[in-house]
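The block underneath contains the structure these notes are about, expressed in structure tokens.
Number of protein chains: 2
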Amino acid sequence: METRPRVVLVGAGFGGLAAARKLRRAPVSVLLIDKNNFHTFQPLLYQVATAGLEPSEIAHAVRGIFHSQKNFDFRLGEVTGIDLAARTLSLTTGEPVSWEFLILAPGATNNDFGIPGVAEHAIFLKTLQDALALRNHVIAQFEAANVDPSLIEQGALNFVLIGGGATGVEMAGALIELIGQVLRRDYPHLPVDLAKIILVERSPELLTPFHPKSQRHALAVLRERGVDVRLNESIVQASAEGVKLGSGLEIRSRSVIWTAGIKAMPFAELLGVTPGRGGRLAVEPDLSLPGHPEVFVIGDLAAALDKEGKPLAQVAQVAIQGGHHAARQIANRIAGRPTVPFRYFDPGVMATIGRNAAVAEFPIGLRFTGRIGWLMWLFLHLMTLVGFRNRLSVFLNWTWSYFTWDRSARLILEPEEKKEPPPAAAPV
Amino acid sequence: METRPRVVLVGAGFGGLAAARKLRRAPVSVLLIDKNNFHTFQPLLYQVATAGLEPSEIAHAVRGIFHSQKNFDFRLGEVTGIDLAARTLSLTTGEPVSWEFLILAPGATNNDFGIPGVAEHAIFLKTLQDALALRNHVIAQFEAANVDPSLIEQGALNFVLIGGGATGVEMAGALIELIGQVLRRDYPHLPVDLAKIILVERSPELLTPFHPKSQRHALAVLRERGVDVRLNESIVQASAEGVKLGSGLEIRSRSVIWTAGIKAMPFAELLGVTPGRGGRLAVEPDLSLPGHPEVFVIGDLAAALDKEGKPLAQVAQVAIQGGHHAARQIANRIAGRPTVPFRYFDPGVMATIGRNAAVAEFPIGLRFTGRIGWLMWLFLHLMTLVGFRNRLSVFLNWTWSYFTWDRSARLILEPEEKKEPPPAAAPV
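Okay, here's the thing in structure tokens:
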């Protein structure tokens, strides 16, 4: 019965959602595939990790987002193989899927750059599960130190963040607030002043892509609030006891948090293509896969180039605009029109450093720091959170935290180690 | 330095919190022990299981609840031994703890009554982790059936609830709303009408402790909304494929949800005492342990008797009033006054059957059903939820759901099967 060409979309991140929405009125049927049944608003993962927000406030069920889109369907599953010649995908769930057009937007995962011990001992912050595990872990350290204060000497209250990009800076700022304002009240008998947050950054400044003025502001605010920022410093080894740094310094810690780098999901292997740096795929100017005009690659997986021929940053805006672009090119192809090259419009960058402090940079040189930057950050993040309900809930949560310095979400909620619930009807 | 007698409280449920609060101005130091760092508002677990509320809306960090209580401290850990003669408790964490007074309020766990297969195959609903696992499980069934509709014949969309008490009735009502209103829209290609909810109750009526009029109302509403209620029916076996009932009927299902009974936590063993029915402990009229006037037993663990000499129900109100009573008796003992017997005041019972339908019964024969009962249920549950923030958040969540038939929380958020995060500094 179905005569509309099928567009298969891999990945329910910013790029995948943007493409699926843009195809709303196109004469196609859309099938979005993801290994989770929800979209994660990754820029706020650090808020879940620091007990400021709940998972459902930064994640939304994919089927809910597309309730009213008639040509949309969703499949829960992970891609295990891609046959470009036969135009089929195989999945961990159910039958293989065929396509007329394919958009690959699987995003990225953590990159440990092969540093010994990082894969085994560091804590990552890339998924909602990561964020919840990190939250449990941080609070469990305080409970453990409260029972046995000698653990503090063993580094139980030392938190080492590797990587001074936006995620590292935001995490450091949120963590020092959680500890200094909330956990200090929770543990009146614990010498919470002994807790340390060490932020390690390899380059001579934080927030590399930002203007030097913003970089200096972020550094000054973090240091003033008590974060031990170490620039020009790198990690050479992680272990169960702590980290060894390039300068020779060793820090005892049970909490080495990795925000230093990502690599594209391993789709180059599935496609039988040699990837570029960080696992990214070279694409044509219209974002299609070389030799396969019916396949588009967007977001963190694509090494799309800017005007100067450098790869675009792996950020949400590039994925969103790439998703819109790929959707439009598919409409062009169906209508018999030629495709056009992708042009990225850079709307600016921002990062929050904590309460009343953020840096925000917009085109034509507009820059804001401090409270104004922070209010802009709040407003833009609220506006872009998926779904009205999420926005309202996050707004209330943030308002509450702002005035009370309280966090509702500091529950250690680990899955019980007991019998498994009955298996789902199929391996999902 | 510490000269105040120490009251050790085991369990951060309704009874433990009530006792700890009541001891606020008593000349004692209070140490509350629980295996979780949060209190769970158990009457609303079914709302978390049906994606209506988030964990942090029905749970609250214990340390947060007692921020302003100077004589309060908390210890995360599980009790592994009690030495009544030496007045010490041993725990899974840290050093043993000694007491001058002990209040045992550990609550109850599931009782499978030895029915074959229940322990292995049924899904329980007694902890926050249970509720999240059940939510994941229900939605995973729909995703699996959507990929492979043949699973429906194997019972993937059959949900069998065992036990027609308040929890079973509330769960059945919430589940049929989740499926009929939310999941029906989420899965437009799935024959959601084939989903079945079967509620199995051994006695001839639902909601045994309620008035017959309330019982009939609950039965009529559930049946009208599509729940297949089976009275005078029992379960004789559970398996991975489904259940076998006393009548000989077999129902294929991967979701057998157990709300049929509880038993007290196994503290009789720890105390070396022979327990009564359901693992409950006989207590003196003042709720102290026979032969140990310095030890009080409250809530689900205590077999306190009513005026007719029958054990009181294992419900929140009995635990709360028992907690207040035990705290007052400790104050009496310290002041050299005799203790007084516990007298339970029954404020009534209520259960919600779903949107616009509940039954509520109050003293002197006041009874309400339907929308008025439901509004009373809403109001009283909101008022008793711990913490202003939780109340506001739950109110908004419920208002949103009421007008939109939407649920924000339907994420399948299972812990990833990957490397464990670094261990907490001590086994907690």
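If you read the sequences in order, they're chains G and P. Under my numbering, the first residue of the first sequence is numbered -10, with each subsequent residue one higher. Under my numbering, the first residue of the second sequence is numbered -10, with each subsequent residue one higher. Here a beta-carbon is modelled for each residue, glycine too, at the ideal position from N, C-alpha and C. Remember, predicted model here, so these are calculated numbers, not experimental data.
Pull out every residue of the segment 71 to 86 of chain G whose Cβ sits closer than 9 Å to any Cβ of chain P, in chain order.
-> From the segment 71 to 86 of chain G, only LEU80, THR82, GLY83, GLU84 have a Cβ closer than 9 Å to chain P.
So LEU179 of chain P and ALA134 of chain P are in contact, right, with Cβ under 8 Å, and what is the actual spacing, rounded?
-> Contact annotation, LEU179 of chain P with ALA134 of chain P: C-beta distance approximately 6 Å; criterion of less than 8 Å satisfied.
Starting from PRO44 of chain G, find everything on chain P with Cβ-Cβ shorter than 9 Å and list it in chain order.
-> Near PRO44 of chain G (Cβ distances below 9 Å), the residues of chain P are GLU43, PRO44, ALA398, LEU400, LEU402.
Would you say THR(-8) of chain G reaches chain P, if we count a Cβ-Cβ gap shorter than 9 Å as a contact?
-> Closer than 9 Å: no.
Nearest-angstrom beta carbon gap, ILE186 of chain P and ARG219 of chain P [assumed within contact, 8 Å] = The beta carbons of ARG219 of chain P and ILE186 of chain P sit about 11 Å from each other, so the pair does not count as a contact at 8 Å.
Residues of the segment 17 to 36 of chain G with Cβ closer than 8 Å to any Cβ of chain P, in chain order = So the list reads ASN25, ASN26, PHE27, given in the order they occur along the chain.
Beta-carbon proximity list for ALA291 of chain G, same chain, < 7 Å, skipping 5 on both sides | Result list for ALA291 of chain G: ARG269, LEU270, VAL272, LEU276, GLY311, in chain order.
Using a Cβ-Cβ cut-off of 9 Å, state whether SER443 of chain G counts as contacting chain P.
-> As displayed, chain G neither begins before -10 nor continues past 417, which places residue 443 of chain G out of reach and without an answer.
Name the residue from G:LEU164, G:ARG266, G:ALA316, G:ARG212 whose alpha carbon lies nearest to the alpha carbon of LEU301 of chain G.
-> Here the closest residue by C-alpha is G:ARG266.
Return no unless some Cβ of chain P is closer than 9 Å to the Cβ of GLN429 of chain G.
-> Within the shown structure, residues of chain G are numbered from -10 to 417, placing residue 429 of chain G beyond reach of any answer.
Check whether the Cβ atoms of GLY231 of chain P and ILE165 of chain P lie closer than 9 Å to each other.
-> Not in contact: GLY231 of chain P and ILE165 of chain P (Cβ atoms no closer than 9 Å).
8 Å Cβ cut-off: residues of chain G touching HIS56 of chain P | Those within 8 Å of HIS56 of chain P in chain G are ARG174, ASP175.
For PRO300 of chain P, the residue or residues it bridges with in DSSP = Partner(s): P:LEU294.
Which bits of chain P does HIS281 of chain G rub up against, with CB to CB less than 8 Å?
-> Residues of chain P passing the Cβ test: none, with the nearest at roughly 27 Å.
What does a CB cutoff of less than 6 Å around LYS11 of chain G pick up in its chain, not counting 5 residues either side in sequence?
-> Once the five neighbours on either side are set aside, the close Cβ partners of LYS11 of chain G are HIS313, ALA316.
Do you know whose CA, among P:MET160, P:ILE71, P:PHE90, P:PHE285, lies nearest GLN36 of chain P's CA?
-> Per the Cα distances, P:MET160.
Using 9 Å as the limit for Cβ to Cβ distance, is GLY2 of chain G near chain P?
-> Chain P, which has no Cβ nearer than 9 Å to the Cβ of GLY2 of chain G, makes this no.
Does the beta-carbon distance from VAL(-1) of chain G to ALA94 of chain G come in below 9 Å?
-> ALA94 of chain G is positioned such that its CB atom lies closer than 9 Å to that of VAL(-1) of chain G.
Can you tell which of P:SER79, P:ARG13, P:ARG399, P:GLU239 has the C-alpha that lies nearest to the C-alpha of VAL189 of chain P?
-> Among P:SER79, P:ARG13, P:ARG399, P:GLU239, the Cα nearest to that of VAL189 of chain P belongs to P:GLU239.
So which residues on chain P does VAL181 of chain G lean against when the C-beta distance must stay under 9 Å?
-> The premise fails here: VAL181 of chain G is roughly 12 Å from chain P at the closest Cβ pair, so nothing lies under 9 Å.
Below 8 Å, can you find three or more Cβ-Cβ pairs linking the segment 42 to 58 of chain P to the segment 108 to 119 of chain G?
-> With a cut-off of 8 Å, the segment 108 to 119 of chain G and the segment 42 to 58 of chain P do not count as touching, because too few Cβ pairs lie within range.
Residues that ARG64 of chain G contacts on chain P, provided the C-beta gap is smaller than 9 Å | Correct list: GLU132, ASN135, VAL136.
Buried or exposed for TYR176 of chain P, please, with buried defined as at least 16 other CB atoms from any protein chain shown within 10 angstroms of its CB.
-> With 16 or more Cβ atoms within 10 Å of its Cβ, TYR176 of chain P is classed as buried.
Kindly list, in the order they appear in chain G, the residues whose Cβ is closer than 9 Å to that of HIS178 of chain P.
-> The contacting residues are ASP62.
Check SER203 of chain P in the structure and name its three-state DSSP category.
-> In the three-state DSSP reduction, SER203 of chain P falls in the helix class (H, G or I).
Taking Cβ to Cβ, would you say ALA249 of chain P is nearer than 9 Å to GLY154 of chain P?
-> Yes, the pair counts as a contact, with Cβ atoms nearer than the cut-off.
Any C-beta of chain G sitting closer than 9 Å to the C-beta of ALA234 of chain P?
-> Per the sequence shown, residue 234 of chain P should be read as Leu rather than Ala. Cβ-Cβ to chain G under 9 Å: no for LEU234 of chain P.
Taking the alpha carbon of LEU364 of chain P as the point to measure from, which residue in P:ASP335, P:ILE353, P:PHE384, P:PRO352 has its own alpha carbon closest?
-> Considering only alpha carbons, the answer is P:PHE384.
Give the residues of chain G in contact with ILE128 of chain P, contact being defined as C-beta atoms less than 8 Å apart.
-> By Cβ distance, chain G contributes ASN26.
Chain P beta carbons: is any one of them nearer than 9 Å to that of ALA50 of chain G?
-> At least one chain P Cβ lies under 9 Å of ALA50 of chain G.
Does DSSP put ASN321 of chain P in a helix, in a strand, or in coil?
-> It is helical.
Answer with buried or exposed for LEU195 of chain G, where buried requires no fewer than 16 other C-beta atoms within 10 angstroms of its C-beta.
-> Under this definition LEU195 of chain G is a buried residue.
Reduced DSSP secondary structure (H/G/I, E/B, other) of SER223 of chain G | Of the three classes helix, strand and coil, the one that applies to SER223 of chain G here is coil, per DSSP.
Whole angstroms is fine: what's the gap from PHE102 of chain P's alpha carbon to LYS233 of chain G's?
-> One alpha carbon belongs to PHE102 of chain P, the other to LYS233 of chain G, and they sit about 55 Å apart.
Work out the CA separation of ASP72 of chain P and LEU294 of chain P for me, nearest whole Å.
-> It is roughly 26 Å from the alpha-carbon of LEU294 of chain P to the alpha-carbon of ASP72 of chain P.
Please classify PRO201 of chain P: is it buried, with 16 or more other beta-carbons within 10 angstroms of its beta-carbon, or exposed?
-> The Cβ neighbour count for PRO201 of chain P, taken over all protein chains shown within 10 Å, is under 16; the residue is labelled exposed.
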